[in-house]
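Trainee:
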Amino acid sequence: MDAAKKNTKSGLLSHLNKDVPSSLVVFLVAMPLSLGIALASGAPIVAGLIAAAVGGIVVGSLGGAPLAVCGPAAGLTVLVFGMVQTLGWQTACLATLIAGLMMIGLGFSKVARLALAIPPAVVHGMLAGIGVTIVLGQSQTILGLKPESSALQNLSAITANLSNLASPVAWVGLFAIVVLIGWNRVPKALKSVPGALVAVVGATVLSFVIPFAGSRVDLPGNPLGDWKAPSLPEGAQWGAVLMAAATLAIVASIETLLSAVATDKMHDGPRANLDKDLVGLGAANALSGLLGGLPITGVIVRSSANIAAGAKTRMSTILHGVWVLVAVFLLAGMIETIPLSALAGLLIFIGAKLVNPKDIAHLREHKELPVYIVTLAGVVFKDLLFGVAAGVAFSFILALVRMSKMKVDIRERTEGGEVDATVRGAVSFLNIPKLTTNLASVPSGRTVRLHLAGSFLDHAATEALQGWAEGYQRLGGQVEIRETVKPWHTPESRQLPVHGLEVSAKSGKHDKPENPDPDHAPFDELNRQPVQVHNPGMDRIFDAVAGFNSEESREYQPLLGRLKRDGQKPAALIITCSDSRLVLPDQLSSVEPGEMYVLRNFGNLVPEQSAPGEAANDASVGATVDFAINVLGVSDIIVMGHEDCGAMKASCSHQAASPNLKAWLSHANNAVARLENGEVVDPGLPSHDQLAMLNVLTQLDHLRAYDSVRDALAAGKVRLHGWFFDIGHAHMRTYDPISGVFESIGGAGTGRPVVATGSER
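Read the sequence shown against my numbering and you will find it ends at 826, with the numbers running on by one and no gaps.
(1) Within the continuous beta strand (DSSP E) that includes A835, where are the two ends?
(2) If we ignore side chains and look at the alpha-carbon of each, how far apart do V389 and G121 end up?
(3) So, at 7 Å on beta carbons, what are the nonlocal neighbours of D424 in its own chain, with the 5 sequence-adjacent residues on each side left out?
(4) Would you be able to state if there are at least three C-beta pairs under 8 Å between the segment 153-168 and the segment 308-316?
(5) Measure the alpha-carbon distance for H427 versus R630 and round it to whole angstroms.
(6) Rounded to whole angstroms, what is the Cα-Cα separation between I413 and V243?
(7) Can you tell me which of the three DSSP states Y800 falls into?
(8) If we ignore side chains and look at the alpha-carbon of each, how far apart do F461 and V387 end up?
(9) Might you give, ordered along the chain, the residues of its own chain that have their beta carbon closer than 8 Å to the beta carbon of W292, omitting 5 neighbours on each side?
(10) Are the segment 436-456 and the segment 278-285 in contact at 8 Å, needing three or more beta carbon pairs?
(11) Are the beta-carbon atoms belonging to V111 and L284 less than 8 Å from one another?
(12) Would you tell me roughly how many angstroms separate the C-alpha atoms of A118 and G136, rounded to the nearest one?
(13) Would you mind sorting K377 into buried or exposed? The rule is 16 or more other CB atoms within 10 Å of its CB.
(14) What residues in its chain sit with their C-beta under 7 Å from that of G107, if we drop five residues either side in the sequence?
(15) Can you tell me the Cα-Cα spacing of T501 and A139, whole angstroms?
(16) How long is the line joining the alpha carbons of P552 and D523, rounded to whole angstroms?
(17) Quick one: complete beta strand (DSSP E) runs, 3+ long, within the segment 348-383?
(18) Rounded to whole angstroms, what is the Cα-Cα separation between G695 and A225?
(19) Below 8 Å, how does it come out for the segment 194-203 and the segment 391-401: are there three or more Cβ pairs, yes or no?
(20) Give me the Cα-Cα distance between G668 and G698, rounded to the nearest whole angstrom.
(21) With distances taken Cα to Cα, identify the nearest neighbour of P295 among A534, L750, T156, L778.
(22) May I ask you to report which of helix, strand or coil DSSP gives A133?
(23) With 16 as the cutoff for other CB atoms within 10 Å, does F807 come out buried or exposed?
(24) Report yes or no: is there a C-beta of chain D within less than 8 Å of the C-beta of N760?
(25) Name the residue from A417, G510, V436, T512 whose alpha carbon lies nearest to the alpha carbon of P21.
(26) What did DSSP end up calling A337 once you bin it into helix, strand or coil?
(27) I want to know whether the segment 463-471 touches the segment 481-500 - three or more CB-CB distances under 8 Å.
(28) On the three-state DSSP scale, how would you describe A518?
(29) Comparing alpha-carbon positions, which option in K175, G129, L730 lies nearest N338?
(30) Terminal residues of the continuous alpha helix (DSSP H) containing H786?
(31) Are the beta-carbon atoms of L756 and G787 separated by less than 8 Å?
(32) Find the nearest neighbour of L208 within the set S87, P508, D342, W236, judged by alpha-carbon distance.
(33) Tell me which residues share the same chain as L540 and place their Cβ nearer than 6 Å to its Cβ, disregarding the 5 neighbours each side in the sequence.
(34) Are the beta-carbon atoms belonging to Q622 and A770 less than 8 Å from one another?
(35) Please work out which residues of its chain come closer than 7 Å, Cβ to Cβ, to V85, disregarding the five sequence neighbours upstream and downstream, and give them in chain order.
As structure tokens, then:
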């Protein structure tokens, strides 16, 4: 930990060689965007620059996401425009100040992560609605007109004044749009210059070449002397002010937190502290409102530009705010030459990008597109708060509808008088009437095999099933439960059967069936004779696969069909153990098929490659690694060990149960040697778990010697990570090369790739 403390003490000045250039890049991106957003918000132009400076300096100093950049954002323009129209500018500033205080309260309340519970379809729909509104409003500016207060009015005015496209004012705005569209196609060397800056500068130059008579940016002659305090509303307006402040606090907080989470995925530095980020954001908004600036939120465009430019600490964010402040006082004359139609062109481009086709395709695959459309329409045709509320409400209704979808299939077998009853879909209180009606049609006195193939079973449905089963058994029948959902019954408490056992209707005792289920009986491959062993675990696997084929497969078909058509493009290769108790990243609900390339073997071992150019001792591992890097292009490789590993126990005892195991475990000998030489990562663990941690680091060393890995590391195309799964606590850790320990994933400082060699640890 001394190394970590030393690194912290080196402070913000330790990376100025990286942070200063990146701050200039962010400054050049932020300047035109801040001016344009102020224009779209109906606020004084200087308000955008005030917000950019305050956002950079205050959030950069106090925020919890070191490399994220905050400032005025397109996502708030619709809300701010409405505030300005209804409250007036100075009262809108008061609402911003109050919203800042609310954000500080939210941050200290530790509720930041609750904001992330809003459905992604609502967030994407909100941003798309804002984008459409911006495009419609700023199209008016390009046509030399003033934006109207509603989307329909803007659309009507645009269609009535299309002839204005022939005016020099429109030429300037259209020129900016064309430059921004074409900037993605210029050589890579030119892309280091922000496209927004090129578009605005180019459009400004054009405005002096052609007979341009449109409006330009107008800044106050003395920003400090012209300052006015936020004005208090009249008594009747206080309700509107507080509602605007609360809406602003919620929307800005959500946008900032989503930006911070997205930013975390772009770098390997400390992870974001979301509650601290809200406190910093609140302080910045309170100050911005007091000074007459726009509301502030996290801006993913500027954050990604900051990281891509090589920023290492929060100093880059702070400095970009300083440069904006300097520009207000020293470059005011130059800024005032910018045509408003050039900024309008920039905003139209930004607004159009908020309607992201990839988001639409992704939501369509997951059947969330209706929520997106409802939210978008609500934002465009009513207002932002209504659109978000409508989206959340529709999302809730959609969830209820999906929960109520259930199918009951009852079939009588010709032999033995048995009945197969299959329940598919989510089973909840919403569909209990349908469930009980269908089950009531089962003939009495039969053996019923009830297969629960649903994805959800709530308490009310559990009680209903229990009541039906007990009643059916009292009338002389038998019920056998098979399920692919999480088991809800226990034979001791419910007197209901476990698959493979039957409950006697008379005695209630458990009796083994006379004959195992022949459909699932294992087969001896040597003499081809049935083995008389009944394996309930294998039955559950078969049932799970059957449930997947009948239900879940339809959910996966669009995604897997696209992966088949376009090919797999996994983000990472994970090399881990074959242990059945592990929870792998590809099994998590947020990780989809196609994102993780998986290699599993006994002990998560990577055989050594003898020398550069020579094959590894086990070609299967080497082939997988080479294919992942050279063909699939993975950018991250994870070696993951775990607690209570059988391979590590065998290696510690130097006892292998077979020649195959002995030969394979020889690839862990280097890790065993490190343990025997006294090297320890966590001294509080048993020796076999200490070995498991050292084994992760050792296998990473082996991996570095592979030709494909060595070349990719040298080219900066791949990163290596060491993970450790604590089975008893169901918790994943990652190795931090600075502190030299395995830390919880999600904590501050985690996520750094392992780049040190064995001798440098």
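Glycine included, each C-beta is placed from N, C-alpha and C at the ideal position.
Mentor: Let me spell this out:
(1) A query on residue 835 cannot be resolved here, the shown segment of the chain reaching from 66 to 826 and no further.
(2) 9 Å
(3) H189
(4) yes
(5) 16 Å
(6) 11 Å
(7) strand
(8) 45 Å
(9) L356, G357
(10) no
(11) yes
(12) 8 Å
(13) buried
(14) F146, V149, Q150
(15) 52 Å
(16) In this prediction, P552 scores a pLDDT of 44, lower than 50, which makes its location untrustworthy; the coordinate-derived value is nonetheless stated afterwards. P552 and D523: Cα-Cα distance of roughly 11 Å.
(17) none
(18) According to the sequence as given, residue 695 is Asn; it is not Gly. If you take the alpha carbons of N695 and A225, they lie about 56 Å apart.
(19) no
(20) 25 Å
(21) T156
(22) coil
(23) buried
(24) Here there is only one protein chain, and chain D is not present.
(25) As shown, the chain starts at 66 and ends at 826. That puts residue 21 outside it, with no answer to give.
(26) coil
(27) yes
(28) strand
(29) G129
(30) No alpha helix (DSSP H) contains H786, which is instead part of the beta strand (DSSP E) from 784-791.
(31) no
(32) W236
(33) S509
(34) no
(35) L384
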